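My numbering puts the last residue of the sequence shown at 764; the count rises by one with no breaks.
In this text, a Cβ means the ideal position worked out from N, Cα and C, and glycines have one as well.
Note that the structure is predicted; figures quoted are calculated from it, not measured.
Below is one structure, written out as structure tokens; the observations come after it.
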Amino acid sequence: FTLNLMTLFSFLLALGIVVDDAIVVIENTHRVFDNGKVPIRKAAKIAAGEVFLPVFSGTMVVLAPFVPLAFWPGTIGEFMFFLPITLIIALLASLVVAYIMNPVFAADFMKPHDHDHGRVKMTRGYKITAVIFAAIALVWYVTGIAGLGNFTLFIFALYSLHKFVLEEVISNFQTKGWPRVQDGYKKLIQWCLAGWRPAGVIAAVVGLFIFSIVFTMIRKPPVGFFPKGDPNFIYTYIRMPIGTDQIVTDSITQIVERRVINVMGKDNPIVESIISNVAVGAAEDQFSGSNAQPHLGKVSVAFVNFADRDGQSTRVYLDKVREAVKGVKGAEISVDQEAGGPPTGKPISIEIAADNFDVLVRTANRAKRYLDSLQIEGVEELKSDFQSNKPEIVINIDREKANREGISTGQIGTVLRTAIFGREISRFRDANDDYPIELRIKASQRNDINTLMNIPVTFRDMTMGGAVRQVPLASIAKIEYSNSYAGIRRIDQKRVITLSSNVLGGFNDNEVVADIKGHLRSFAYPDEVEIKMTGAQEQQAETSAFLGVAGMVALGLIFMILVLQFNSISKPLIILSEILFSIIGVLIGFSLFKMEISIVMSGVGIMALAGIVVRNGILLVEFTDLLIEQGVELKEAIVEAAKTRMTPVLLTAMAATLGLIPLAVGFNIDFVTLFTEFNPHIFFGGDNVAFWGPLSWTMIFGLIFGTFLTLFLVPVMYLITAQIKARVFKARISTETADSEGSVALN
Numbered sequence: 018f019t020l021n022l023m024t025l026f027s028f029l030l031a032l033g034i035v036v037d038d039a040i041v042v043i044e045n046t047h048r049v050f051d052n053g054k055v056p057i058r059k060a061a062k063i064a065a066g067e068v069f070l071p072v073f074s075g076t077m078v079v080l081a082p083f084v085p086l087a088f089w090p091g092t093i094g095e096f097m098f099f100l101p102i103t104l105i106i107a108l109l110a111s112l113v114v115a116y117i118m119n120p121v122f123a124a125d126f127m128k129p130h131d132h133d134h135g136r137v138k139m140t141r142g143y144k145i146t147a148v149i150f151a152a153i154a155l156v157w158y159v160t161g162i163a164g165l166g167n168f169t170l171f172i173f174a175l176y177s178l179h180k181f182v183l184e185e186v187i188s189n190f191q192t193k194g195w196p197r198v199q200d201g202y203k204k205l206i207q208w209c210l211a212g213w214r215p216a217g218v219i220a221a222v223v224g225l226f227i228f229s230i231v232f233t234m235i236r237k238p239p240v241g242f243f244p245k246g247d248p249n250f251i252y253t254y255i256r257m258p259i260g261t262d263q264i265v266t267d268s269i270t271q272i273v274e275r276r277v278i279n280v281m282g283k284d285n286p287i288v289e290s291i292i293s294n295v296a297v298g299a300a301e302d303q304f305s306g307s308n309a310q311p312h313l314g315k316v317s318v319a320f321v322n323f324a325d326r327d328g329q330s331t332r333v334y335l336d337k338v339r340e341a342v343k344g345v346k347g348a349e350i351s352v353d354q355e356a357g358g359p360p361t362g363k364p365i366s367i368e369i370a371a372d373n374f375d376v377l378v379r380t381a382n383r384a385k386r387y388l389d390s391l392q393i394e395g396v397e398e399l400k401s402d403f404q405s406n407k408p409e410i411v412i413n414i415d416r417e418k419a420n421r422e423g424i425s426t427g428q429i430g431t432v433l434r435t436a437i438f439g440r441e442i443s444r445f446r447d448a449n450d451d452y453p454i455e456l457r458i459k460a461s462q463r464n465d466i467n468t469l470m471n472i473p474v475t476f477r478d479m480t481m482g483g484a485v486r487q488v489p490l491a492s493i494a495k496i497e498y499s500n501s502y503a504g505i506r507r508i509d510q511k512r513v514i515t516l517s518s519n520v521l522g523g524f525n526d527n528e529v530v531a532d533i534k535g536h537l538r539s540f541a542y543p544d545e546v547e548i549k550m551t552g553a554q555e556q557q558a559e560t561s562a563f564l565g566v567a568g569m570v571a572l573g574l575i576f577m578i579l580v581l582q583f584n585s586i587s588k589p590l591i592i593l594s595e596i597l598f599s600i601i602g603v604l605i606g607f608s609l610f611k612m613e614i615s616i617v618m619s620g621v622g623i624m625a626l627a628g629i630v631v632r633n634g635i636l637l638v639e640f641t642d643l644l645i646e647q648g649v650e651l652k653e654a655i656v657e658a659a660k661t662r663m664t665p666v667l668l669t670a671m672a673a674t675l676g677l678i679p680l681a682v683g684f685n686i687d688f689v690t691l692f693t694e695f696n697p698h699i700f701f702g703g704d705n706v707a708f709w710g711p712l713s714w715t716m717i718f719g720l721i722f723g724t725f726l727t728l729f730l731v732p733v734m735y736l737i738t739a740q741i742k743a744r745v746f747k748a749r750i751s752t753e754t755a756d757s758e759g760s761v762a763l764n
């Protein structure tokens, strides 16, 4: 387990969630304490015991969606593994803090306070605090660490602001403003629970759910697999025919490099460097190794950090470079940006498979020509991974001459392999290490076919009594120049050729792929050939399927936890309905603002949202049950529970939402320069907002609407469920009574 980027951002995501347990415990302690009417130690015990079960089950339901995510298979799963594990550990730790540390802190620090502040005086304690802070700041300044000195004064300024300004404002809000809000909410709940209105509230929510689906279908927000931000690097890959001399590849790379430089312009402030590679480090596949491939070239453009771009987008350069490098004869050129997440295939990847090789090649060539002729918008350029023009030299052994001399083909092969690739003949050892000693001919000779053909083949001539003799290779072999296949891939024992391409900027990957699929349906090909979309689309389908299964498992776990807590089926269903209807906020939010829905990040966001929404519902339902057990009438218990639990529900929702906003908008601030240079370097955006934005906005939209559901839909559904139960129970009692009376009459 490593401390990596995913782990750090998981901590940021957890910030707004881990405080929920503490909020519930402390808020309940504050309510029971009632400004000193109950001794604080007794209040802390009562409050912690009162919310023990809902806090525990609430944390478990928040954990539940992350448990199946920890078993995410494949490359995406390896990349996302740290997110659920980090959140699970953080949430379990928050549970321990809420149960053990928060009651202790409350007992030590929660004191009765006078709401009649009047004029705040500068007390002796405040003066002592000021002297201590001033002394600490002075020490930092004397030692030359001005930043920490400024930070110390900043903390004291916050303390003073709270003492002289905020404390009175907060007290007035707690004693006057917030009770009015609670009373207004209480009246609204009483209105919603009267007469036929509960059914109307449910009908309105169902109607809103249908509207959100229709609205999404009309607006059609873009859907993507993994989010992509502005490129930090633009890579232009050049592929020449296999066997092309490195000098030729270099000349073509220089042509491409000049075109890229013209696009970027001279002294462009957002361009950090432009670097070209030929043969080494030029492969498009980052896992292809470091072997030199003379037919490959690459031009890399590196941009400065996002904060130094003055708001300029680098994505426009991606399309400009693609347009500029078109038309280079003899070269296949593709332009792409760095991968923003785990390695995936090309967004367009068409896999053509067959057993018959000739049929496969003909079908692949026909498919490429067919799709190219359609000029489908958004397709950069379809490229085939099959290459049939790899030059090779075949050395044909004259077996009759070789047999006459008593030389086997194995001997000749060993001589050639030793000459070209080398063979270890000994090892040199010193005090620290040993080094292999390899025998092979010089590089200049290895690249000269005439020298290779004149290499002596040493053998023992048995016709001359076993004497050692040498003959040149040319005397027993001839060379032949030809072309062959560079390689043939197999998947599930079938030969496979893949056509792939990037998607141009301004086009949605899924929409372009759907367009290609539609055209492929009208493409005629033999029955023995199989054509399917793979690459990023295949991974997207697998990810969607996994998230669907994980979602079902998470719902099952949440349902089991709720059944164990409430010993009921109806109450868990009431709470689970929040998950379904909270998606209303997600759909409307993404559709209204035309944000891209990421299959991975938005899917994870919905699963995380489920647990948080359910936890708030638990608080309300559990307290309603408690009041009913104490003899409070049904409607009165629902209203009182809603009013009492309104504060922790809103606090937990606001904490989670506010914790997610910096991730959603990409808020960046440099606290070091804030206190050392008084310049916070604030800016919005960057790579992180592109990656974490879809997840954060999913949870924000869902939480906002989910909180509304908790405060209004849950009380209404609780009432309707209780009334239905009462009617069913009453009907059952009536039936049993009638049956017993009939039995008595017969007797």
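- Rounded to the nearest angstrom, the gap between the Cα atoms of Asn525 and Lys237 is 11 angstroms.
- In this structure, Ile429 sits away from Ile442, with a CB-CB distance that is not shorter than 8 angstroms.
- Each residue's CA atom was taken as its position, placing Lys511 and Gly362 some 20 angstroms apart.
- Cα atoms of Ala211 and Ala743: separation of roughly 17 angstroms, rounded to the nearest angstrom.
- Sequence-distant Cβ neighbours of Ser111 in its own chain, meaning closer than 6 angstroms and more than five residues away, are Val35, Asp38.
- Per the coordinates, the alpha-carbon of Thr661 lies some 24 angstroms from the alpha-carbon of Ile717.
- Gln263: member of the alpha helix (DSSP H) spanning 263-281, first to last residue.
- Between Glu650 and Ala64, the alpha-carbon positions lie close to 23 angstroms from each other.
- Excluding its 5 nearest sequence neighbours in each direction, Met77 has C-beta neighbours in its own chain below 7 angstroms: Ile578, listed in chain order.
- Ranked by Cα distance from Ile591, the options Phe576, Met734, Asn189 are led by Met734.
- Distance from the Cα of Val72 is smallest, within the candidate group Ile102, Gly246, Ala115, for Ala115.
- Put simply, the backbone Cα of Asp125 is about 24 angstroms away from that of Val186.
- Judged by DSSP secondary structure, Thr361 falls outside any beta strand (DSSP E); it is assigned neither H nor E.
- The criterion of a C-beta distance shorter than 8 angstroms is satisfied by Ile575 and Val631.
- Taking 4 residues as the minimum length, the alpha helix (DSSP H) runs contained wholly in the stretch 195-220 are 195-209, in order along the chain.
- At the C-beta level, Ser518 and Glu349 stay beyond 8 angstroms of one another.
- DSSP places Ser293 in no alpha helix (DSSP H) but in the uninterrupted beta strand (DSSP E) bounded by 288-295.
- Rounded to the nearest angstrom, the Cβ distance from Pro359 to Ile93 is 6 angstroms, consistent with a contact under 8 angstroms.
- When Asp402, Ala681, Ala553 are compared, the shortest CA-CA separation from Phe26 is found for Ala681.
- In this structure, the beta-carbon distance from Leu736 to Ile655 falls below 8 angstroms.
- A straight line joining the alpha-carbon of Arg421 with that of Asn406 spans about 36 angstroms.
- Around the Cβ of Pro489, a 10 Å sphere holds fewer than 16 other Cβ atoms; the residue is exposed.
- Proximity of the stretch 235-254 to the stretch 708-717 meets the contact definition, three or more beta-carbon pairs being nearer than 8 angstroms.
- Rounded to whole angstroms, the gap between the alpha carbons of Leu433 and Gly423 is 17 angstroms.
- For Asp353, the enclosing beta strand (DSSP E) covers residues 349-354.
- Per the C-alpha coordinates, the member of Ile291, Val182, Ser501, Gln271 positioned closest to Phe403 is Ser501.
- Going by beta carbons, Ser619 and Thr715 fall inside the 8 angstroms limit.
- By the beta-carbon neighbour count (other beta carbons within 10 angstroms, threshold 16), Asp704 is buried.
- Scanning Pro101, Arg58, Phe99, Leu108 for the CA closest to the CA of Ser74 turns up Leu108.
- In the three-state reduction of the DSSP assignment, Gln510 falls in the coil class, being assigned neither a helical nor a strand state.
- At a Cβ-Cβ threshold of 8 angstroms, Ile548 and Ile367 count as neighbours.
- Residue pairing for Asp478: DSSP places it in a beta bridge opposite Ala484.
- Burial is judged here by how many other beta carbons sit within 10 angstroms of a residue's own beta carbon; Gly634 has at least 16 and is buried.
- Sorting Ile251, Asp247, Leu313 by C-alpha distance to the C-alpha of Met257 places Leu313 at the top.
- According to DSSP, residue pairing for Asp451 in a beta bridge involves Arg446.
- As a beta-bridge residue in DSSP terms, Ala371 pairs with Arg512.
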